[in-house]
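What follows is a set of notes on a single structure, which appears directly below.
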Amino acid sequence: AQSVTQLDSQVPVFEEAPVELRCNYSSSVSVYLFWYVQYPNQGLQLLLKYLSGSTLVKGINGFEAEFNKSQTSFHLRKPSVHISDTAEYFCAVSESNQGGKLIFGQGTELSVKP
Amino acid sequence: IAGITQAPTSQILAAGRRMTLRCTQDMRHNAMYWYRQDLGLGLRLIHYSNTAGTTGKGEVPDGYSVSRANTDDFPLTLASAVPSQTSVYFCASSDGGLSGDTQYFGPGTRLTVL
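Chains as they are written, first to last, in the working numbering: chain A, 1425 to 1538; chain B, 148 to 261.
Written as structure tokens, this is what we have:
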């Protein structure tokens, strides 16, 4: 069965520092990969997704992620974070034979400090 | 365009009571989803609907039911609420219900069962 593991529950970082949020998945079929962001007291919105093609995917707000099939990972990165990036980040997987159903990771709380 | 609206915003409910969470979308999306969000567990799929008139079970369907009488509305009913159903509930929709489709989320309903 597919599963998603976000390796860090909390990531504190100073403003303008780089950040990497880690995500690993397991699946026996081909997958599509997503990162969603949840700002305080709001719903989730899409940051970026990988469907096929180039393994480096660029998203909104300067975020990017790299799909690594051999390591079954989809880590999210940003070279310089802002206070406004403080939020919870969710990695999610959709298997190619399961329609639109998403399996989410546990979430990583990114806290950007001045 | 409002996107997805959910009602109520929050609710405190006595155990054993019946409760319906409402979800309406104005994007004419075919697929709709209900998730619950619990700390440390991320989001888990409760039920989904790929098109009006059809529904399916997700990862945690027990104690919940849904209906999809038309394209826009997807209510979630708790027939007899229990404290373990205390959670934040998110409704989402996607255009085609396919594996790579982006899901759009509502603002959530915070439900407390006492």
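Built from N, CA and C at the ideal position, the CB exists for glycine as well.
Going by C-alpha distance, which of the options is nearest residue i?
i: A/Phe1510; options: A/Val1536, A/Val1481 and A/Lys1525; result: Going by the sequence as given, residue 1510 of chain A is Thr instead of Phe. It is A/Val1536 whose Cα lies nearest to the Cα of A/Thr1510.
i: A/Ser1427; options: A/Leu1468, A/Tyr1456, A/Ile1527 and A/Arg1501; result: A/Ile1527
i: B/Val235; options: B/Arg191, B/Ala162, B/Asp242 and B/Met174; result: B/Arg191
i: A/Ser1518; options: B/Thr249, B/Phe237, B/Thr259 and B/Ala239; result: B/Thr249
i: B/Ser157; options: A/Glu1440, A/Gln1466, A/Tyr1449 and A/Leu1457; result: A/Gln1466
i: B/Thr256; options: B/Leu245, B/Gly244 and B/Met166; result: B/Met166
i: A/Gln1571; options: A/Lys1525, A/Asn1521, A/Val1453 and A/Phe1514; result: Residue 1571 of chain A lies beyond the stretch modelled for chain A, which goes from 1425 to 1538, so this question has no answer here.
i: A/Thr1496; options: A/Ser1433, A/Glu1440 and A/Ser1452; result: A/Ser1452
i: A/Gly1523; options: B/Ser196, B/Arg215, B/Pro230 and B/Ser231; result: B/Ser196
i: B/Pro155; options: B/Pro230, B/Gly189 and B/Cys238; result: B/Cys238
i: B/Arg183; options: B/Ala216, B/Ala161 and B/Gln232; result: B/Gln232
i: A/Arg1446; options: A/Ser1478, A/Arg1501 and A/Leu1480; result: A/Arg1501
i: B/Leu168; options: B/Thr152, B/Ala216 and B/Pro230; result: B/Thr152
i: B/Arg215; options: B/Gly244, B/Asp185 and B/Ala178; result: B/Ala178
Chain A partners of residue i, CB-CB under 7 Å?
i: B/Gly200; result: By Cβ distance, chain A contributes nothing, its closest Cβ being about 16 Å from B/Gly200, past 7 Å.
i: B/Tyr195; result: Lys1525
i: B/Gly255; result: Gly1467
Kindly say whether residue i, judged by its beta-carbon, lies nearer than 9 Å to any beta-carbon of chain E.
i: A/Val1443; result: In the structure shown, chain E cannot be found, because the protein chains are A and B.
Give me the chain A residues within the contact set of residue i, using Cβ-Cβ distance strictly less than 8 Å, ordered along the chain.
i: B/Ser241; result: Gly1524
i: B/Phe237; result: Gly1467 and Leu1468
Quick one, are the C-beta atoms of residue i and residue j less than 9 Å apart?
i: A/Val1461; j: A/Leu1475; result: no
i: B/Ala228; j: B/Gly163; result: yes
i: A/Lys1473; j: A/Gly1483; result: yes
i: B/Ser212; j: B/Ala226; result: yes
i: A/Phe1491; j: A/Trp1459; result: no
i: B/Ser246; j: A/Asn1448; result: no
i: B/Gly189; j: A/Gly1529; result: yes
Which residues in chain B sit within 7 Å of residue i, going by Cβ to Cβ distance?
i: A/Tyr1456; result: Ser246 and Gly247
i: A/Gly1531; result: Gly189
i: A/Glu1488; result: Those do not exist, as A/Glu1488 stays about 17 Å from chain B at its closest Cβ, beyond 7 Å.
For residue i, which residues of its own chain have a beta-carbon under 8 Å away from its beta-carbon, when the five flanking residues on both sides are left out?
i: A/Val1437; result: Val1443, Val1505, Leu1534, Ser1535, Val1536 and Lys1537
i: A/Pro1503; result: Pro1442 and Gly1486
i: B/His194; result: Tyr180, Trp181, Thr202, Gly203, Lys204, Gly205, Pro208, Tyr211, Ser212, Val213 and Leu223
i: B/Gly150; result: Gln172, Asp173, Met174, Tyr251 and Gly253
i: A/Glu1439; result: Val1505, His1506, Ile1507, Val1536, Lys1537 and Pro1538
i: A/Asp1432; result: Leu1445, Arg1446 and Thr1532
i: A/Val1435; result: Val1443, Leu1445, Thr1532, Glu1533, Leu1534 and Ser1535
What residues of chain A sit near residue i, judged by a beta carbon separation below 9 Å?
i: B/Leu192; result: Lys1525, Leu1526, Ile1527 and Phe1528
i: B/Ala178; result: Gly1523 and Gly1524
i: B/Gly163; result: What B/Gly163 touches in chain A: nothing, since even the nearest Cβ is about 29 Å away.
Please compile the residues from chain B whose C-beta is within a distance smaller than 9 Å of the C-beta of residue i.
i: A/Gln1469; result: Tyr251 and Phe252
i: A/Glu1440; result: Result: empty, since nearest Cβ-Cβ is about 29 Å, beyond 9 Å.
i: A/Lys1473; result: Gly247 and Thr249
Take residue i and list the residues in its own chain whose beta-carbon comes closer than 7 Å to its own, dropping the five residues that flank it on each side.
i: B/His176; result: Ser240, Ser241 and Asp242
Could you name the residues of the same chain whose beta carbon sits closer than 6 Å to that of residue i, not counting the 5 residues immediately before and after it, in chain order?
i: A/Glu1512; result: Gln1462, Gly1531 and Glu1533
i: B/Ile159; result: Thr259
i: A/Thr1479; result: Glu1490 and Phe1491
Quick one: list the residues of chain B neighbouring residue i, beta-carbon separation under 8 Å, in chain order.
i: A/Phe1514; result: Gly189 and Leu190
i: A/Ser1520; result: Ser246
For the segment 167-175 of chain B against the segment 209-221 of chain B, do three or more pairs of beta-carbon atoms, one drawn from each stretch, fall closer than 8 Å, so that the two count as touching? Yes, the segment 167-175 of chain B touches the segment 209-221 of chain B.
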